[in-house]
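In what follows, a single structure is set out as C-alpha cells and then discussed.
In my numbering, the protein residues as written are 14 to 222.
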C-alpha cells in the first residue's frame, strides 16, 4: 500500500477502480499558510506598537506603513530631508568674522578624535555635509562629542559664540490646550522622530555663510 500527496500534486491524473481506460483529473487548491500580519511585523520589527491594538487594526496600520515606505528610514543610507522647513538665520556680523568666532579645536583624546573622524565620514556619505574648496572662506566650527545614555557618541558643533551675533527670531509659542483641542476627534495619535535630527533640517541658501 502506498500513498500519493495529492494536495501538492499538479495536473496529476488518476484511475478509479478497474476503469483504467478512463482517467480523472483533480483540481487541487492548495491551502496557503502565508500570514500577512507576521510578514509585515517582521518587516517593521524595529517598530513598537500598542498592545491594545487588535490584529485587524495592526494589519491596517502596517499596510499603511508599507504604502508610505519611502517616508521611513530603514538605515542611515536612506536618510531623508525635512521638506518645506528650511531654516533662515540672521547675523549681525559680516565677513571677515571677528576673532571670537575663530576658535581652535578643543583638546581631545585619541579615541575622541577617531569618533569625530568617523562621524564626519558618515555625514559625508549621507550628503549632509560637503568638503570645502581651498579658496572658500569658511570659519572653523569647533566639534564637540556628546555621550548618550547608551554610551554612543553624538557629534555637535559649538556655536555659543555665534549666538552673540545672531538676531533672535521671536514668535508666540502655541498653547498646549489649543493643540490638544485639535486632537479631539483623532482616532490614532502617532509620535515620530527623525533619524538624525538637525542634520535632516535644511538651511536656506541665504543663510549658508
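Backbone N, C-alpha and C fix where the C-beta goes; we use that ideal spot for every residue, glycine too.
query = Considering only the beta carbon of each residue, do residue 72 and residue 49 sit closer than 9 Å?
reply = Locating residue 72 in the chain shown gives position 59, where the first residue counts as 1. Locating residue 49 in the chain shown gives position 36, where the first residue counts as 1. Closer than 9 Å, so yes.
Beta-carbon proximity check, residue 175 vs residue 167, cutoff 9 Å: Here residue 175 is taken as the residue at index 162 of the chain shown, counted from 1. Here residue 167 is taken as the residue at index 154 of the chain shown, counted from 1. Not closer than 9 Å, so no.
Item to check | Residue nearest to residue 136 in terms of C-alpha spacing, selected from 53, 220, 209, 215 | outcome: Taking the first residue of the chain shown as position 1, residue 136 is located at position 123. Measuring from the Cα of residue 136, the nearest candidate turns out to be 209.
Residue range of the unbroken beta strand (DSSP E) whose run includes residue 214:
On the chain shown, residue 214 is found 201 positions in, with the first residue counted as 1. Unbroken beta strand (DSSP E) run through residue 214: 214-216.
- When DSSP builds the beta bridges, which residues end up paired with residue 179? Numbered from 1 along the chain shown, position 166 holds the residue referred to as residue 179. Residue 179 pairs with 104.
Rounded C-alpha distance that separates residue 63 from residue 193:
Translated into the one-based positions of the chain shown, residue 63 becomes position 50. Translated into the one-based positions of the chain shown, residue 193 becomes position 180. Taking the straight line joining both Cα atoms gives about 21 Å.
Fill in: First through last residue of the alpha helix (DSSP H) which encompasses residue 133
Against the chain shown, residue 133 aligns to sequence position 120. Counting along the chain, the alpha helix (DSSP H) containing residue 133 begins and ends at 123-138.
Measure the beta-carbon distance from residue 155 to residue 170 and round it to whole angstroms, keeping in mind my assumption that it falls under 8 Å. As a first step, residue 155 must be located in the chain shown, where it is residue number 142. As a first step, residue 170 must be located in the chain shown, where it is residue number 157. Confirmed, Cβ separation roughly 7 Å.
| said: Counting beta carbon pairs with one atom in the segment 105-114 and one in the segment 176-193, are three or more of them shorter than 8 Å? | reply: yes
- Query: Bridge partners of residue 156, per DSSP?
  - Reply: For the purposes of this step, residue 156 is taken as the residue at position 143 of the chain shown. Paired residue(s): 170.
Using the rule of at least 16 other Cβ atoms within 10 Å of the residue's Cβ for burial, across every protein chain shown, is residue 52 buried or exposed? Translated into the one-based positions of the chain shown, residue 52 becomes position 39. That one is exposed.
| said: Out of 54, 59, 77, 55, which one is the CA nearest neighbour of residue 201? | reply: Here residue 201 refers to the residue found at position 188 when the chain shown is read from its first residue. Checking every option, the nearest Cα to that of residue 201 belongs to 77.
Rounding to the nearest angstrom, what Cα-Cα distance links residue 80 and residue 132 in this structure?
Counting from 1 along the chain shown, the entry for residue 80 is found at position 67. Counting from 1 along the chain shown, the entry for residue 132 is found at position 119. Their backbone Cα atoms lie some 32 Å apart in a straight line.
Item checked: Beta bridge counterpart(s) of residue 252 as assigned by DSSP -> This structure cannot settle anything about residue 252, because the visible part of the chain is limited to 14 through 222.
Do the CB positions of residue 84 and residue 97 come within less than 9 Å of each other?
Taking the first residue of the chain shown as position 1, residue 84 is located at position 71. Taking the first residue of the chain shown as position 1, residue 97 is located at position 84. No; because the gap between Cβ atoms is not below 9 Å, this pair is not in contact.
Under 9 Å between the Cβ atoms of residue 182 and residue 119?
-> Residue 182 sits at position 169 when you count from the first residue of the chain shown. Residue 119 sits at position 106 when you count from the first residue of the chain shown. No, Cβ-Cβ distance for residue 182 and residue 119 is not below 9 Å.
Boundaries (first-last residue) of the alpha helix (DSSP H) holding residue 221:
Here residue 221 is taken as the residue at index 208 of the chain shown, counted from 1. From DSSP, residue 221 is part of no alpha helix (DSSP H); its letter is neither H nor E.
Inset, instruction - Could you tell me whether the Cβ atoms of residue 108 and residue 215 are closer together than 9 Å? - result: Against the chain shown, residue 108 aligns to sequence position 95. Against the chain shown, residue 215 aligns to sequence position 202. It is not a contact, given that the beta carbons lie outside the stated cut-off.
Margin query: Using the Cβ count rule (16 or more neighbours within 10 Å means buried), how would you classify residue 101?
Written below: Position 88 of the chain shown, counted from the start, is the residue given in the question as residue 101. Exposed, since its Cβ has fewer than 16 Cβ neighbours within 10 Å.
Backbone CA spacing between residue 204 and residue 191 [nearest angstrom]: Taking the chain shown and counting its residues from 1, one reaches residue 204 at position 191. Taking the chain shown and counting its residues from 1, one reaches residue 191 at position 178. Computed Cα separation, rounded: 18 Å.
_With distance defined between alpha-carbon atoms, name the residue in 106, 99, 148, 165 nearest to residue 124._
By one-based count along the chain shown, residue 124 stands at place 111. Per the Cα distances, 165.
**Request:** Using a threshold of 9 Å, state whether the C-beta atoms of residue 217 and residue 138 are closer than that.
**Result:** Counting from 1 along the chain shown, the entry for residue 217 is found at position 204. Counting from 1 along the chain shown, the entry for residue 138 is found at position 125. Contact check for residue 217 against residue 138 fails: the beta carbons are separated by 9 Å or more.
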